[in-house]
Amino acid sequence: MNAVQRFIRSRVLLLTASILIVAMCLSVLVQGQSQAALSRTVDQNSRGLYDVLVQAKAKDNGGLMQPDIATGQGGISFEQLDSIRKLSGTSVAAPISLVSRVTQNLESPRLDATDYLGFNAGLAGTSGDPTATDPSKWPAAESVLSDTPKKYRLTASAVSSDGHSDQTLFKTTAEGSLGKAKLVEEQVEGGKNVRIQGPEGETGIKFPTPAGGSEHNLFNLSVSLPMAPQVTESVVAVDPVSERALLGTAGDFLSPLEKAPPADARNAGAIGRHFESLFTNGISMDELKEGPDFLGVKLKYWAPLMTQYQQAKRDGQLTEDSQAIPLIVRSGTALDLKYSVKIEEIDDSGNVTKDVGTVTRSLDKDYLPFVSKSPFALAWPGSKDLSQLMGDTGSFSQGLYNPATWTTNFAAAPTYKDGETAANGAVDKSATPGDWVTVNRLPDKAANGEAVDQTQREPVDERSYRQNLETGKKLATPLAMVYGTFDAANVKEAAGDVNRLPLGGYDPAPFTLTKDASGKDVNTELKPSLSATGLVSQSAGAITDYYGLAAARGYDANANVIDAVRVRAKVPGSWKQAQPEVEKLANEIRDMGLQATVVAGSAREDASIAVPGYSKDDAGKESPLGTVQQSWVRQDAADAVSGSLTATNLTLLFLTLCGAALLTGASTVSYIRKRRSEAGTLRAMGWTQRKIRSWVLAEFGVGAALLAVVGIVLSLISWSTATAVVSASVLVLYAGAAFIAAQQLRHRDVVDQEPQHDERLITVDSPLTFANRQLSTNKFNTISLAVAVGVFAAAVGGLVALLIDIPRAAGASALSGLAAASIALPSIILGVSGVAVGLLLTMVTGRFELQAKRQYLGTLRAMGWNPDMLGQVRFFENAMVGTVALPLGVVGALGIGLLLAPYAALWAAIAGLVAVLCWIPIATKVVQ
151 MNAVQRFIRS RVLLLTASIL IVAMCLSVLV QGQSQAALSR TVDQNSRGLY DVLVQAKAKD
211 NGGLMQPDIA TGQGGISFEQ LDSIRKLSGT SVAAPISLVS RVTQNLESPR LDATDYLGFN
271 AGLAGTSGDP TATDPSKWPA AESVLSDTPK KYRLTASAVS SDGHSDQTLF KTTAEGSLGK
331 AKLVEEQVEG GKNVRIQGPE GETGIKFPTP AGGSEHNLFN LSVSLPMAPQ VTESVVAVDP
391 VSERALLGTA GDFLSPLEKA PPADARNAGA IGRHFESLFT NGISMDELKE GPDFLGVKLK
451 YWAPLMTQYQ QAKRDGQLTE DSQAIPLIVR SGTALDLKYS VKIEEIDDSG NVTKDVGTVT
511 RSLDKDYLPF VSKSPFALAW PGSKDLSQLM GDTGSFSQGL YNPATWTTNF AAAPTYKDGE
571 TAANGAVDKS ATPGDWVTVN RLPDKAANGE AVDQTQREPV DERSYRQNLE TGKKLATPLA
631 MVYGTFDAAN VKEAAGDVNR LPLGGYDPAP FTLTKDASGK DVNTELKPSL SATGLVSQSA
691 GAITDYYGLA AARGYDANAN VIDAVRVRAK VPGSWKQAQP EVEKLANEIR DMGLQATVVA
751 GSAREDASIA VPGYSKDDAG KESPLGTVQQ SWVRQDAADA VSGSLTATNL TLLFLTLCGA
811 ALLTGASTVS YIRKRRSEAG TLRAMGWTQR KIRSWVLAEF GVGAALLAVV GIVLSLISWS
871 TATAVVSASV LVLYAGAAFI AAQQLRHRDV VDQEPQHDER LITVDSPLTF ANRQLSTNKF
931 NTISLAVAVG VFAAAVGGLV ALLIDIPRAA GASALSGLAA ASIALPSIIL GVSGVAVGLL
991 LTMVTGRFEL QAKRQYLGTL RAMGWNPDML GQVRFFENAM VGTVALPLGV VGALGIGLLL
1051 APYAALWAAI AGLVAVLCWI PIATKVVQ
């Protein structure tokens, strides 16, 4: 019988080769799929809108970059920007800068109660407006008010919220009587006159100055409400051409800004006079609806521009140096500001006779900075808006009337201090508090010059986490000129998710409160403050160009005002393919004396930030907010994730191979014990020891040749270094088993292991004592099986520790979570495979003396032992082996866990314990 035939005849050798081949195939199929999924995930999510972030100087942040790149500190000149654009590797170089903060009063809030008087030709004045409703189709008169005036109490209040707690800004009450108006026709010189008059006995309602009173018009009774708190926004500057190139189609909202006039054609007075002349000379209805054309741009929001220009001119705010600033403003707001009016019907004694209702209005999506159209027009319960009967002309005059106040105080980006580093690499931060900023003030005088009682409301102090910005020497009040709007949510979507890189100012990263000041876990998204100087900011209220920045900050010559330049390299492909060219481009930029941070291959990562000194009580004692989270940018996240998870995959694979190696050793022992008698026979026939070893090694050689062929084929197919290493390791393990078998195959006299003295015999009176006797008698088998079970438990613990440790090993970035999810299933398959190999190892070892066990169990059955007692014998044998194996398994699992995944070592020990406990019933059922 030749070596091949003997190899096939030997089930042990065939089983060994089969297990090792399966392990090799796992390296190709599972490891290859896992690595492909990992590479695909990382490549698809590691290159954002730009590749290099250029700044004049930046703090060493340990690879974690804050999202506020438009800091307002400048430092980059336009000459340096031009040099960056001229580099051969530059595709897009888009500058961005923080301009300033802008504070404005909202249009005076009012409460409108439907008091519609029906069509009247003398009052409606719809002639010439094609959008107006035909007079014959106007509805009949209707009103929510009574014919006879009733007395009402109105309580107006405003509440702001930072998402964590509410702040009541004011609560003011006014009383008076209101009723349904009527049309009064009077005879005047030259004809008749029709006017609107309130009912007899109506007093109206008047809140304290600066609020006005109440008045009737054709559609409503309007009550002037207390002034809403001032709202502050930030403004950023971009180059609209390069910004559109950076954003792609998502940046089309910037196209009107490209048509803005040059710096020498932006005089605020000249532009205001130009629009006044348009109305003096006449303007068509279509031009009123679409907006008059200004250098190729239809200015839809011309009405607020006109009213703010005229107001600023009356107040003497505009000077010869005042410039018009073209703006693209944000649609909606994240500011949580609610204005409410409670309406109660009362008697002459002030007692409430009827609760009419409470109406509330928020800024929300209706708000437009600089041009907002009546954000605080509240409707009396049951009222409806009938003003559209007059057509679109009804909306032409609406908007903010007073020009905004521009300031560079408390406008810079927040600063942070580094704290502790977590196990997954996340770095804790601490915000640096600044001065206190007072909001919720009333103006000193009303529009009519009347003094304002400042005791109506309490000023509110808000903590600023920002510093002042530098300005030029030629400051002059600018005039806002709105060219269009943008949706911050659409910009954020275009910037991506996992690989989202900060654009600067108009795509802010939100803050989420995760722990309050007492350390209690919470999950609350924070809202921006009224002053816009706090830690939380929303998208910039407006975007302008760099001529607008110069006008707002008072520069009359080029200055180093660029905060950052976002550079996209002129190289296609994934981050890994582009990496050499991106590094080359970054080095060329560094040679200019600028700091170039490579952000290709980066990913967003949540940073935990402690917020001290957030609020203070009446005594001035400051209190922290707690801990917040914000998405920052983890540099080189792709490299870190790929490296760590690849290493985890390989470790899992090699742990599986360790199980295969131990299985090989167990099979070798089984092989030695079965073939030792054959070796003795051959020795008696005159074979030398060397010839016997050669005879044995020939059988192992067949298996080794088979493994080598399979390993070479798989390595060529996968073209993977891991596969080649695994194949070589398998061959080494198999060769080691062959060497051990050849050395151990020597004929020895079989020594009876039964005790020789009666006093050493264990009395058999139960299944437990019989199991104890058998294990004590066959110590070699007992120790071998216990070691196998211990190794199985240790391997299970190591595999479980690695699986648990995958999220930590991947890191804390968003890419880490995505990549870890992509390899989760292959990793579990590898882990289960390792457990299966280890379990098989124990089964093979447990069958060493299976024939002898069956013989004594047959003897016991013949002696009258029932099946339950025989089952108890098998159970107690395995339970005692498990007891011996338990320390080895738990300590081994703990050791492997400490070596491979220290943060999951405890779980490894627990898994080892569970593995031993699970092995006992499995072995009892399987090995019979």
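In terms of our numbering, the sequence shown is residues 151 to 1078. For each residue, glycine too, the CB sits at the ideal point set by N, CA and C.
In whole angstroms, what is the alpha-carbon distance linking Val-641 and Asp-657? 7 Å
Once DSSP output is grouped into helix, strand and coil, what is the label at Ser-277? Any reading at Ser-277 needs caution, since the residue's pLDDT is 46, under 50, leaving its predicted position unreliable; the model's value is listed next. Coil.
query = Taking just the CA atoms, how far does Ala-601 sit from Thr-359?
reply = 8 Å
Self-check item: Delimiting residues of the alpha helix (DSSP H) encompassing Ile-158
Solution: 153-159
Taking the alpha-carbon positions, what's the Phe-269 to Lys-534 distance? 16 Å
Q.
Please state whether the Cβ-Cβ distance between Gln-634 and Pro-406 is less than 8 Å.
A. For the record, residue 634 in the displayed sequence is Gly; it is not Gln. Cβ distance < 8 Å, so Gly-634 and Pro-406 count as in contact.
For this session: Could you say which of Asn-618, Thr-508 and Ile-478 lies nearest to Thr-557 if we only look at CA atoms?
Result: Asn-618
Practice problem: Kindly indicate which three-state DSSP category Val-778 falls into: helix, strand or coil? | Solution: strand
Can you tell me whether Lys-567 is buried or exposed? The criterion is at least 16 other CB atoms within 10 Å of its CB, across all chains shown. exposed
Problem - Asn-673 versus Ala-243 - alpha carbon distance - result: 38 Å
Could you give the DSSP three-state label for Ile-226: helix, strand or coil? strand
Check: Since Met-456 is in the alpha helix (DSSP H), which residue starts that stretch and which ends it?
Finding: 452-464
request  = Throw me the rounded Cβ distance for the Ala-308 and Leu-319 pair, which I believe falls under 8 Å.
outcome  = 4 Å
- Under 8 Å by Cβ, that's how I've got Gly-1065 and Gly-1039 pegged, so tell me the actual separation to the nearest angstrom. A quick correction: the sequence has Ala, not Gly, at residue 1065. Yes, Ala-1065 and Gly-1039 are in contact; Cβ-Cβ is about 6 Å, under 8 Å.
* Asked: Looking at the unbroken beta strand (DSSP E) that takes in Tyr-566, where does it start and where does it end?
  -> 566-571
Margin query: DSSP has Ile-493 in a bridge; who is on the other side?
Written below: Leu-304 and Gly-507
**Request:** With a threshold of 16 other CB atoms inside 10 Å of the CB of Thr-240, please say whether the residue is buried or exposed.
**Result:** buried
Margin query: Judging by CA-CA distance, which residue of Gly-967, Cys-1068 and Gly-213 is the nearest neighbour of Val-577?
Written below: Gly-213
**Prompt:** If we count the other Cβ atoms within 10 Å of its Cβ and call it buried at 16 or more, is Leu-866 buried or exposed?
**Reply:** exposed
- With distances taken between CB atoms, is the gap from Ala-1051 to Ala-951 smaller than 8 Å? yes
* Asked: Below 8 Å between beta carbons: does that hold for Ile-1046 and Ala-944?
  -> yes
| message | Distance check for Thr-565 and Gln-205, CA to CA, integer angstroms please. | response | 16 Å
Q: Under 8 Å by Cβ, that's how I've got Asn-417 and Gln-473 pegged, so tell me the actual separation to the nearest angstrom.
A: 7 Å
Quick check on the DSSP output: the beta strand (DSSP E) that includes Thr-674 runs from which residue to which? 671-675
Checklist entry - So, is Ser-238 buried or exposed, given that buried needs 16 or more other C-beta atoms within 10 angstroms? => result exposed
Q. What residue from Asp-471, Pro-454 and Ser-765 has the CA that sits closest to Met-631's CA?
A. Pro-454
inquiry  = DSSP three-state label for Ala-667, please.
reply    = coil
| task | Name the residue from Gly-326, Glu-336 and Asn-367 whose alpha carbon lies nearest to the alpha carbon of Gly-351. | result | Gly-326
**Q.** Under 8 Å between C-beta atoms of Val-491 and Leu-965
**A.** no
Extent of the continuous alpha helix (DSSP H) run through Asp-265: Segment 260-266 is the beta strand (DSSP E) holding Asp-265; no alpha helix (DSSP H) there.
inquiry  = Along the chain, where does the alpha helix (DSSP H) containing Asp-1018 start, and where does it finish?
reply    = 1017-1050
Taking Ile-890 as the reference, give the member of Thr-919, Val-852, Leu-847 and Trp-869 with the closest Cα.
Leu-847
**Study point:** Beta-carbon contacts of Leu-1036 that lie in its chain and below 6 Å, excluding the five residues immediately before and after
**Key:** Val-1066
Classify Lys-342: buried if its beta carbon has 16 or more other beta carbons within 10 angstroms, exposed otherwise. exposed
Quiz item: Taking the C-alpha atoms as reference points, what is the distance between Leu-248 and Ile-712?
Solution: 8 Å
Give me the Cα-Cα distance between Gly-398 and Gly-698, rounded to the nearest whole angstrom.
-> 23 Å
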